[in-house]
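Letter by letter, the sequence shown follows residues 8 to 666 of this note's numbering. Just so it is clear, CB atoms sit at the ideal spot from N, CA and C, and this is done for glycine as well. Only a predicted model underlies this, so the values are computations on that prediction, with no experimental measurement involved. Data first, discussion second: the structure below is written as structure tokens.
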Amino acid sequence: MDIARTEIMKNRFSAIAEEAAMLAYRTAHTTFVKQTQDFQVALAGTNGEKFAFPLLSGTTDGVGDSITGLIGHFSDLVPGDVMISNDPFSTGGLVTHQMDIHMAQPVFYRGELIAFAWSFVHATDIGGAVATSIAPELNECFQEGFRIRPTKLMRAGELNQDVANFVKDNSRIGDEVWGDLEAMMAAMRLLERRVGELCDRVGVDTFRQGIDDVLDYAEAKARLVIAGLRDGEYEFSDYLEGLTTDDSIHICCRLRITGDEAEIDFAGSDPQVNAALNFNSEGQAPSMLCTGLVNYIMTMEPSIPPNGGVVRPIRARAPSGTVMNAQFPAAMGNRWVTAMRCYDALIGCLNQAIPGGITAGGAGQAGIISVAWQDAISGRKRVSVVEPFSGGSGGRVSGDGVDATDTMLGFLKSTPIENVESETPLLVRQHALVPSSFGHGQYRGGASVHIELECQSDQAEINVRGLQRLQFEPWSVAGGHPGRCGETWLLRAGEKKALGQVGLLKVQRGDVLQMISPSGGGFGDPVKRTVAMVVEDVTNEMLDEEEAYTIYGVVIRGGVLDVPATERRRAEMVTPAEVQVFAYGHARSEYEAGWPAEASVAFANAVLQAPPGLRNVVQREARAKLAETPKPLKAATVTKAVDALVRQLQAANSLTTAS
């Protein structure tokens, strides 16, 4: 490999991708694309492996996902073709929920196929049971809008009007969604044009060699980072909160490091559920299973170009039928929160594989706020995404967590309040950080966010999908304190009602939705936090003087630091001789006192042995039966109870069939 040539081609590929992403961003129609930026474009080789991926615009996940699941359906491609699909069940793990519409365009040079331009955009509405097509309580894909199997949207430059009409006619905001798709197609045409110009300049052979070189370079750098981890197998569990406090979904992750290769295994995680929390994962290293490791690699080696070479040393899998590898007809609209919990579980493993740890748990939610209302003039229903509502990230080994933004959701941009109030019937009464909300530590977690939205129309529907950590606090590391849980309320006619999970909420003029997000957990003993950092938090009104004294041992009176008193106070504070790696908070500790992680793994494995048609009822009835069983539950007890129930249900079904 010629390092100088590789660096030149890496930069050229990056510039092409960034320019195309900016074009898509500047020409999109919906708020979720032109403000929040839930879209992406890239270049892929003829084998489907992405080699040019932007980082400055759009989402930053999916770097390693092959587009073979889309392009592999076609063998008769010609210049001007555009392929399209939003079907999770026929694209090999590329599409992870129906709202993401993927497209690809072959790139020819002098009659020869040399690459593919690719794009995806999150469509704000594709029909279905609710506006925006996503609600946690939906339980099958048919409720979530239309699905398009891989098909041609354009043939030799001619638009397939039937497909275009289908998209427009089955969305509540068809013209706007189509406008977003046109923006993506414009970006792909730009990618095609720039690749042609590059081949004119350097030659097609150099272009092809450049693809191989940048992918090999990324792979080599990724292997160096993985080789720096401790060999071994590491395990961590976390929980996804369901629609009630009684249906927590167990996520189990194992990370195996062997030399310069990594294997990620989610065996033992819960089966798919009757809610829109599932996703599917196929292929070598699906991004939603390995983002935590990919982010770590690219953080440790900033020179790595974002491309498919990063995931070559990684294998990731989840058993078929689990919540992160769900089968037809599972609902998947809200799948990002499940991906975030997979991310958290993998980060928990990395904390054990990296000497000294890496980061505490963050807010772990992707609370996308949207609103639907009737236009007063046209009478048509309008739909808009309002704001991505996240929460603080975990404190890190080298610094504080980020306020208001969790690491896996950092690519989503906040919507300016002026846009919210001018384009929707909502008044933003408050949008602010919450003082003292973070998990305390040597490096504190990121703070929570408080938002208040007042309805300004006679009737509207607010949908907040992806709220999490309302029950289990974000965990902390190395002596830090866990973060805080989220909370939600509705203010109506002077009364305040706690909501918990918010699905589809019908509101009227004057109603106010109040929400506080979870915060990040703390990293390290709070007494080890520098005095200057504590003073800064007090000065910025993120911490009060009493907390500075009680938790951090820093004496501040009337805004003035008392150095001698601080030294005496810190000398009095006792630091434990041994500190647990993780602190999970009271709620999770209480839950696992009855349902230890090994019992949850046994439950998942036993349910997955049942016929697919029985699994949902087995989960529900087995949990009800086990709720009456003495705690703590043993793995053998759980397996026996599930197996007995499966036999009982099979016998009942046999009798029904025979009669």
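Own chain partners of V649 with C-beta closer than 7 Å, once the 5 adjacent residues on each side are dropped: Excluding sequence positions up to five before and after V649, its CB lies within less than 7 Å of the CB of F610, A613, V614, V625 and A629, all in the same chain and listed in chain order.
Among A643, P525 and N302, nearest to Q508 - alpha-carbon criterion: Selected option, being the one with the closest Cα: P525.
Delimiting residues of the beta strand (DSSP E) encompassing I258: Looking at the DSSP string, the run of the beta strand (DSSP E) that includes I258 is I256 to T265.
Candidates A111, Q515 and I376: closest to A500 by CA position: Comparing alpha carbon positions, the residue from A111, Q515 and I376 closest to A500 is Q515.
Beta-carbon contacts of C259 that lie in its chain and below 6 Å, excluding the five residues immediately before and after: Take C259, set aside five residues on each side of it, and the residues of its chain with a beta-carbon closer than 6 Å to its own are S244, G275, S276 and V608, in chain order.
Contiguous alpha helix (DSSP H) assignments of at least 4 residues, all confined to the segment 415-499: Those alpha helix (DSSP H) runs which fall completely within the segment 415-499 and span 4+ residues are 424-430.
Residue from M549, R476 and A411 with nearest C-alpha to G592: If we check each option's Cα against that of G592, R476 comes out closest.
Minimum C-alpha distance to K420 - residue among H36, Q42, M549 and C462: Nearest C-alpha to K420: Q42.
Rounded separation between Q539 and V561 - CA only: Correcting the residue type first, residue 539 is Ala in the shown sequence and not Gln. Taking the Cα positions, A539 is about 10 Å away from V561.
Pairwise C-alpha distance: T298 and R622: A straight line joining the alpha-carbon of R622 with that of T298 spans about 29 Å.
Contact belief for R436 with E461 at Cβ below 8 Å, rounded distance in angstroms: Between E461 and R436 the Cβ distance is about 5 Å, and since that is below 8 Å, they are a contact.
Boundaries of the alpha helix (DSSP H) in which M307 is found, first to last residue: First-last of the alpha helix (DSSP H) with M307: S294 to M307.
Buried versus exposed call for M580 [16 or more other C-beta atoms within 10 Å across all chains shown]: Looking at its Cβ environment, which holds fewer than 16 other Cβ atoms inside 10 Å, M580 is exposed.
Selection from G135, G363, R215 and I133 that minimises the alpha carbon distance to F677: Past the edges of the chain, shown from 8 to 666, lies residue 677, and the structure says nothing about it.
R263 to R348 span [Cα, whole Å]: About 19 Å.
Whole alpha helix (DSSP H) elements within the segment 540-615, 4-residue minimum: As summarised for the segment 540-615, the continuous alpha helix (DSSP H) elements at least 4 residues long and confined to that stretch are 552-559, 570-579, 593-601 and 604-615, given in chain order.
Cβ pair count under 8 Å reaching 3, the segment 346-362 against the segment 153-165: By the Cβ rule, the segment 346-362 does not count as touching the segment 153-165, because fewer than three pairs are nearer than 8 Å.
Exposed unless 16 or more other CB atoms sit within 10 angstroms - verdict on T636: Classification of T636: exposed, given that the 10 Å Cβ count is below 16.
Sheet register partners of F530 (DSSP bridge): Under the DSSP definition of a beta bridge, F530 partners with Y450 and V484.
Sequence-distant residues of the same chain with beta carbon closer than 8 Å to D94, five excluded per side: Excluding positions up to five away in sequence, the list reads V102, Q105, R154, I155, R156 and P157.
Segments assigned alpha helix (DSSP H), at least 4 residues, entirely inside the segment 13-98: List check, alpha helix (DSSP H) in window: 38-41 and 75-78.
Alpha helix (DSSP H) runs wholly inside the segment 117-142, at least 4 long, in chain order: Runs of the alpha helix (DSSP H) inside the segment 117-142: none found.
7 Å Cβ shell around G52 - same chain, five flanking residues per side excluded: For G52, the CB contacts under 7 Å within the same chain, skipping 5 residues up- and downstream, are F58, A122 and I218 in chain order.
Cα-Cα separation, S444 to G529: Their backbone Cα atoms lie some 11 Å apart in a straight line.
C-beta neighbour in chain D for E554, strict 8 Å: Within the model displayed, chain D is absent; a lone protein chain is all it includes.
Own chain, CB closer than 8 Å to W380, minus 5 neighbours either side, in chain order: K388, R389, T431, P432, S464, Q466, A467 and E468, listed in sequence order.
From T366, S405 and V427, residue whose alpha carbon lies closest to that of P395: Of the candidates T366, S405 and V427, the one whose C-alpha sits nearest the C-alpha of P395 is V427.
L84 vs H109 beta-carbon contact at 8 Å: Going by C-beta atoms, L84 is not nearer than 8 Å to H109.
E543 burial status per 10 Å Cβ neighbour count (16 or more: buried): By the neighbour-count rule (16 or more Cβ atoms within 10 Å), E543 is not buried but exposed.
Segment contact, 8 Å Cβ cut-off, at least three pairs: the segment 64-75 with the segment 404-413: Touching, no.
Test item: CB-CB of L640 and G601 under 8 Å: By the CB criterion at 8 Å, L640 and G601 fall inside the cutoff.
Coil, strand or helix - P639 by DSSP: In the structure shown, P639 adopts coil according to DSSP, grouped into three states.
Same chain, Cβ closer than 6 Å to Q521, five either side skipped, listed in chain order: The residues are E459 and W496.
Whether P489 touches N341 by CB criterion (8 Å): No, the pair does not count as a contact, with Cβ atoms beyond the cut-off.
R215, enclosing alpha helix (DSSP H) - first and last residue: Residues V211 to A234.
Cβ neighbour criterion (16 or more within 10 Å) applied to Q44: Q44 is buried by the Cβ-count criterion.
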